[in-house]
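J.: First to last, the protein sequences are chains R and P. Note that this note's numbering numbers the first sequence so that position 1 is 566, with each residue one more than the last. Note that this note's numbering numbers the second sequence so that position 503 is 483, with each residue one more than the last.
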Amino acid sequence: MNGATVIAVIAVVAILFFAARYIYKEKKKGNACIGCPYSASCPKHQQGISCDMPQDNK
Amino acid sequence: MRIAFAGNPNSGKTTMYNALTGRSEKVGNWGGVTVGSKEFKLKKEYAGNKEVIAVDLPGAYSMSPFTPEEGITSEYVRTANPDAIVNIVDATNLSRSLFFTTQLLELGIPVVVALNKTDINEKEGTKIDTAKLSAKLNCPVFETVSTENKGLSEMIATAISLAGTLQEAPYLQADIDLHDKNAVDAEDRKRYDFVNKIVAAVEKRKVLSAESTAQDKVDTVLTNPIAGILAFAAVMWFVFWVSQAWLGPLVADWLVGWIEMFQEWVAGQLENSPAILSALLADGIVGGVGAVVGFLPLVMVMYFLIALLEDCGYMARVSAVMDPIFKRVGLSGKSVIPVVIGTGCGIPAIMACRTIRDERERRATTMLTTFIPCGAKIPVIALFAGAFFNGAGWVSTVSYFLGLALIFLGALMIKGITGYKYRKSFFIMELPKWKAPSLKFAFKSMMERAKAYIIKAATIILICNTVVQVMQTFDWHFQVVEEGAENTSILASIASPFAILLIPLGFGVWQLAAAAITGFIAKENVVGTLAVVYALTNFIDVEELEMTGGANTVAMTMGLTSVTALAYLFFNLYTPPCFAAIGAMNSEMKSRGWLWGAIGLQMATGYTIAFLVNQFGTLITEGHFAAGFVPGAIAVACFVIAIIMIGKRVRAHFDEQYELHKKTKAAVTTAA
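#1: Who are ASN67 (chain P)'s beta bridge partners in DSSP?
#2: Note down, in chain order, every chain R residue with its Cβ under 7 Å from the Cβ of LEU261 (chain P).
#3: Going straight from the alpha carbon of PHE20 (chain P) to that of THR1 (chain P), what length do you get?
#4: Which of the residues in the region 580 to 594 of chain R, read from start to end, lie with their CB under 9 Å from any CB of chain P?
#5: Distance, Cα to Cα, ASN(-12) (chain P) vs ASP36 (chain P)?
#6: For GLU524 (chain P), I'd like the list of residues in its chain whose CB is within less than 7 Å of its CB, leaving aside the five on either flank, ordered along the chain.
#7: Quickly, what does DSSP pair ALA34 (chain P) with across the bridge? List them, please.
#8: Let me know the secondary structure DSSP gives LYS415 (chain P) once reduced to three states.
#9: Relative to the C-alpha of VAL616 (chain P), which candidate in P:ILE626, P:PRO90, P:ALA606 and P:ILE589 has its C-alpha closest?
#10: What number of angstroms, rounded off, separates the C-alpha of ALA94 (chain P) from the C-alpha of LYS413 (chain P)?
#11: Between the region 508 to 515 of chain P and the region 611 to 631 of chain P, can you find at least three pairs of beta-carbon atoms closer than 8 Å?
#12: Rounded to the nearest angstrom, what separates PRO353 (chain P) and MET135 (chain P) at their Cα positions?
#13: Output, in chain order, the set of chain R residues within a Cβ distance shorter than 9 Å of LYS440 (chain P).
#14: With a cut-off of 9 Å, does the C-beta of GLN243 (chain P) fall near any C-beta of chain R?
#15: Under the assumption that PRO90 (chain P) contacts LYS116 (chain P) (Cβ atoms under 8 Å), give the Cβ distance between them as a whole number of angstroms.
#16: What's the call for VAL360 (chain P), buried or exposed, on a 16-neighbour Cβ count within 10 Å?
#17: Between THR453 (chain P) and the rest of its own chain, which residues show a CB-CB distance below 8 Å, the 5 nearest in sequence each way excluded?
#18: Among the candidates P:GLY8, P:THR585, P:ALA365 and P:GLY(-8), whose CA atom is the shortest distance from the CA of LEU386 (chain P)?
#19: I'd like the span of the beta strand (DSSP E) that includes VAL121 (chain P), first residue to last.
#20: Using the Cα positions of GLU31 (chain P) and SER4 (chain P), report the straight-line distance between them to the nearest angstrom.
#21: How would you list, in chain order, the residues of chain R whose beta-carbon sits under 9 Å from the beta-carbon of GLN249 (chain P)?
#22: For the region 287 to 303 of chain P against the region 315 to 324 of chain P, do three or more pairs of beta-carbon atoms, one drawn from each stretch, fall closer than 8 Å, so that the two count as touching?
#23: Need the endpoints of the alpha helix (DSSP H) that ILE104 (chain P) sits in, please.
#24: According to DSSP, simplified to helix, strand and coil, what is GLU463 (chain P)?
#25: On the DSSP letters alone, give me the boundaries of the alpha helix (DSSP H) that TYR514 (chain P) sits inside.
#26: With distances taken between CB atoms, is the gap from ALA143 (chain P) to MET(-4) (chain P) smaller than 9 Å?
#27: Shortest alpha-carbon distance to LEU285 (chain P) belongs to which of P:ARG342, P:LEU549, P:MET216 and P:TRP234?
#28: When you compare the region 372 to 383 of chain P with the region 542 to 559 of chain P, are there three or more beta-carbon pairs, one atom per stretch, that lie closer than 8 Å?
#29: CB-CB under 8 Å to LEU22 (chain P), same chain, minus the five flanking residues each way: which ones, in chain order?
#30: Check whether the region 425 to 437 of chain P touches the region 273 to 285 of chain P, taking contact to mean three or more Cβ pairs, one atom from each stretch, closer than 8 Å.
#31: Between the C-alpha atoms of LEU158 (chain P) and LEU85 (chain P), what's the straight-line distance to the nearest angstrom?
#32: Going by DSSP, what residue range makes up the alpha helix (DSSP H) through PRO45 (chain P)?
#33: Rounded to a whole number of angstroms, what is the C-alpha to C-alpha distance between GLY267 (chain P) and PHE242 (chain P)?
#34: Inspect the beta-carbon positions of GLY355 (chain P) and CYS325 (chain P) and report whether they are closer than 9 Å.
#35: Three or more C-beta pairs closer than 8 Å, one from the region 247 to 254 of chain P and one from the region 187 to 203 of chain P: is that the case here?
#36: Pick helix, strand or coil for LYS593 (chain R), following the three-state DSSP scheme.
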């Protein structure tokens, strides 16, 4: 295994790990729409509920 | 400590809230942008050592709610007992704003009036005596300009210092029977008289409200049912032309060139490494994500222009001109707002539907609003316009207006299914004053969306492309697929059954089916997946930074003609949106039946449009129908029959629900 291959394997693993970790963290925070420019403005998101969860019928 | 920010729609509440808290909530130069309450801590420079929570409330004209968002505001200030209220008053329209102010002052909670937009008053020569106004209202009044952070420190410091004290009202509602409409109307008139007296005493205007200004003349044209729609078509064409045929591609070509050079470099470094690694990193991750990021300039330019249009006040005029059409097809006048917002992103557009009072209209709008191509679909449009239509701007314009036409047709169909008749509904929207759009605001809005786009590309799309690359590289025995045996890959075997269904649409190959499927995770994935499965970057000359081979090479590789490419584009645009948007639909509709109805309708619409474009396009260009005409026609006929059956079933239940004497009549007949 040459140096470039080792670096490439590490790069692929690191990129996928950080991408997956980011998605997991966002989902845990209740953000269902990763990348959505409005996710922070979503009133339900602010209450810790994701956008796609049913809300009560008030 | 909690401070509520309340005021009329479009008075600048959210702009002030953003300035005081450092948040970036959606703002717009029109009423109704804020549909729910939001809370956040005030910045230290305003709150000092205290923990002060600012609560941004939707706009309201009075404490008697006419719309659901007014209901949120009136309920909050009545029941949540905030420590103080900052009443944001539009200084350019004092007489209208003070009605609500006098009602807030009656609640006993300390009120501080922020006389906002005073910069516009200065330009128009309107003067307001704040000291006199403060004395008349019996509360502190501050001149503010939210967009420039002017007057905010003193205003918020006063609000904090007054927290917990008792407010004395300058006007008290008489002890009337609140069930008596006439008595309530008379009381409201008295309050208006009181407000008008205050305004007469404190305000000096150079331009009277009754005078017809140049702005009014422009509005007469832009809100005219015919001229307004023609102007809207021209404006949207210009937006799409600049973003997708001129400025956007200019920057994108340069960016794509660099991405391709980087990809080539990565591939070069991995020449002696296993092929799978090179495919995964160079083609899957760099190539796939790069293909999506390459379209970022187009999306950014479009968002910038849309933000300029929103900020100058044009989008409010569009709402006014579209309102009668929406009502005529069975939607609410308020349905215009989600449709306009949908140009940016489908999720806030769906969320904006909650301001529609009538349940059927709200659900119908939620169901249809994603037919408007959102920002995530721009890369898909741009890819096909660039590869098959010489980058023509008309592709985007046609996609946009076809989306609008589908909303109207869909609304008519839902009206037919549910059996409702035309009814009058009210849509009140103040036309904001025209103003020079803020480049800073548009730039900020564009950068926020660009950041979100990059995050999406670097997370969801990156992982999807990696999975697609792995599924394409291996077969079910986890053996690397040999060249020429790509049809044995995991991806091919999963996508092939779906591809059969797409033969009547002209793109029955597994690669295109796979791209359409991954598009449900995020629409940008269509481009990313196509880049991976077809190695689209092979068509780009990295030295010259331009596409080689032209449309014919791309068409041959993808197995598409211009007609089938258009059919594929429309299929991706009008089939259901991404899963996140479907989740938002579920949340707003609160009905499984309506949700599945929406998904079914969107799937049927996308399929039918693609079928018609492919079959009739082929008939026109080649003189015969394309392959799979009969099975496709049967599928479309099945959609029509299903819709008719659902309509009959819904109407039958409707009759059962409202029939009063049928059962009694039947019982009497049986007894006789």
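Positions of the beta carbon are idealized from the N, C-alpha and C atoms, including for glycine.
T.: Looking at the coordinates:
#1: Residue mapping note: residue 67 (chain P) aligns to position 87 of the second sequence, counting from 1. Answer by DSSP bridge pairing, in chain order: P:ALA(-14) and P:VAL93.
#2: Locating residue 261 (chain P) in the second sequence gives position 281, counting from the first residue. Those within 7 Å of LEU261 (chain P) in chain R are ALA573, ALA576 and VAL577.
#3: Here residue 20 (chain P) is taken as the residue at index 40 of the second sequence, counted from 1. Here residue 1 (chain P) is taken as the residue at index 21 of the second sequence, counted from 1. Computed Cα separation, rounded: 6 Å.
#4: ILE580, LEU581, PHE583, ALA584, ALA585, TYR587, ILE588 and GLU591
#5: Along the second sequence, one-based indexing puts residue -12 (chain P) at 8. Along the second sequence, one-based indexing puts residue 36 (chain P) at 56. Taking the straight line from one Cα to the other gives about 12 Å.
#6: Residue mapping note: residue 524 (chain P) aligns to position 544 of the second sequence, counting from 1. Since pLDDT at GLU524 (chain P) reaches only 49, below the 50 mark, its modelled position is unreliable, and the value read off the structure follows with that caveat. Excluding positions up to five away in sequence, the list is empty.
#7: Translated into positions along the second sequence, residue 34 (chain P) becomes position 54. DSSP output for ALA34 (chain P) lists P:ILE(-17) and P:PHE20 as bridge partner(s).
#8: On the second sequence, position 435 is the one that residue 415 (chain P) refers to. Reduced to three states, the DSSP call for LYS415 (chain P) is coil.
#9: The residue labelled residue 616 (chain P) in the question sits at position 636 within the second sequence. Here the closest residue by C-alpha is P:ILE589.
#10: Mapped onto the second sequence, residue 94 (chain P) falls at position 114. Mapped onto the second sequence, residue 413 (chain P) falls at position 433. Those two C-alpha atoms are separated by around 19 Å.
#11: no
#12: Numbered from its first residue, the second sequence carries residue 353 (chain P) at position 373. Numbered from its first residue, the second sequence carries residue 135 (chain P) at position 155. Taking the straight line from one Cα to the other gives about 42 Å.
#13: Indexing the second sequence from 1 puts residue 440 (chain P) at position 460. Correcting the residue identity first, residue 440 (chain P) is Ile in this sequence and not Lys. Going along chain R in sequence order, the residues near ILE440 (chain P) (Cβ under 9 Å) are ALA584, ILE588, ILE599 and GLY600.
#14: Locating residue 243 (chain P) in the second sequence gives position 263, where the first residue counts as 1. No, because no Cβ of chain R sits closer than 9 Å to the Cβ of GLN243 (chain P).
#15: Within the second sequence, numbered from 1, the residue matching residue 90 (chain P) stands at position 110. Within the second sequence, numbered from 1, the residue matching residue 116 (chain P) stands at position 136. Rounded, the Cβ-Cβ distance is 17 Å, inconsistent with contact.
#16: In the second sequence, the residue the question calls residue 360 (chain P) occupies position 380. Buried: at least 16 other Cβ atoms inside 10 Å.
#17: Numbered from its first residue, the second sequence carries residue 453 (chain P) at position 473. ILE256, ALA259, LEU260, VAL460, VAL461 and SER469.
#18: Start at 1 with the first residue of the second sequence, and residue 386 (chain P) comes out as number 406. Comparing Cα-Cα distances from LEU386 (chain P) to each of P:GLY8, P:THR585, P:ALA365 and P:GLY(-8), the minimum goes to P:THR585.
#19: In the second sequence, counting from the first residue as 1, residue 121 (chain P) sits at position 141. It spans 121 to 123 - the beta strand (DSSP E) in which VAL121 (chain P) sits, taken as one unbroken run.
#20: Position 51 of the second sequence, counted from the start, is the residue given in the question as residue 31 (chain P). Position 24 of the second sequence, counted from the start, is the residue given in the question as residue 4 (chain P). Near 20 Å, if we compare the C-alpha coordinates of SER4 (chain P) and GLU31 (chain P).
#21: Here residue 249 (chain P) is taken as the residue at index 269 of the second sequence, counted from 1. Within chain R, the residues near GLN249 (chain P) are ALA569, ILE572 and ALA573.
#22: yes
#23: Stepping through the second sequence from its first residue, residue 104 (chain P) is reached at position 124. Here residue 104 (chain P) is Glu; the residue named in the question, Ile, does not match the sequence. Where GLU104 (chain P) is concerned, the enclosing alpha helix (DSSP H) stretches over 98 to 104.
#24: Along the second sequence, one-based indexing puts residue 463 (chain P) at 483. Note: GLU463 (chain P) maps to coil in three-state DSSP.
#25: Within the second sequence, the letter at position 534 stands for residue 514 (chain P). That run of the alpha helix (DSSP H) goes 505 to 514.
#26: Looking up residue 143 (chain P) in the second sequence gives position 163. Looking up residue -4 (chain P) in the second sequence gives position 16. Not in contact: ALA143 (chain P) and MET(-4) (chain P) (Cβ atoms no closer than 9 Å).
#27: Locating residue 285 (chain P) in the second sequence gives position 305, where the first residue counts as 1. It is P:MET216 whose Cα lies nearest to the Cα of LEU285 (chain P).
#28: yes
#29: As a position in the second sequence, residue 22 (chain P) is number 42, starting the count at 1. Result list for LEU22 (chain P): ILE(-17), LEU0, THR1, VAL32, ILE33, ALA34 and ILE136, in chain order.
#30: yes
#31: Locating residue 158 (chain P) in the second sequence gives position 178, where the first residue counts as 1. Locating residue 85 (chain P) in the second sequence gives position 105, where the first residue counts as 1. For LEU158 (chain P) and LEU85 (chain P), the distance between alpha carbons rounds to 19 Å.
#32: In the second sequence, the residue the question calls residue 45 (chain P) occupies position 65. Looking at the DSSP string, PRO45 (chain P) is not in any alpha helix (DSSP H), and its letter there is neither H nor E.
#33: By 1-based counting over the second sequence, the position of residue 267 (chain P) is 287. By 1-based counting over the second sequence, the position of residue 242 (chain P) is 262. When rounded, the distance between both Cα atoms is 9 Å.
#34: Position 375 of the second sequence, counting from 1, holds the residue named residue 355 (chain P). Position 345 of the second sequence, counting from 1, holds the residue named residue 325 (chain P). Contact: yes.
#35: no
#36: If you number the first sequence from 1, residue 593 (chain R) lands on position 28. In this structure, LYS593 (chain R) counts as helix in the three-state DSSP scheme.
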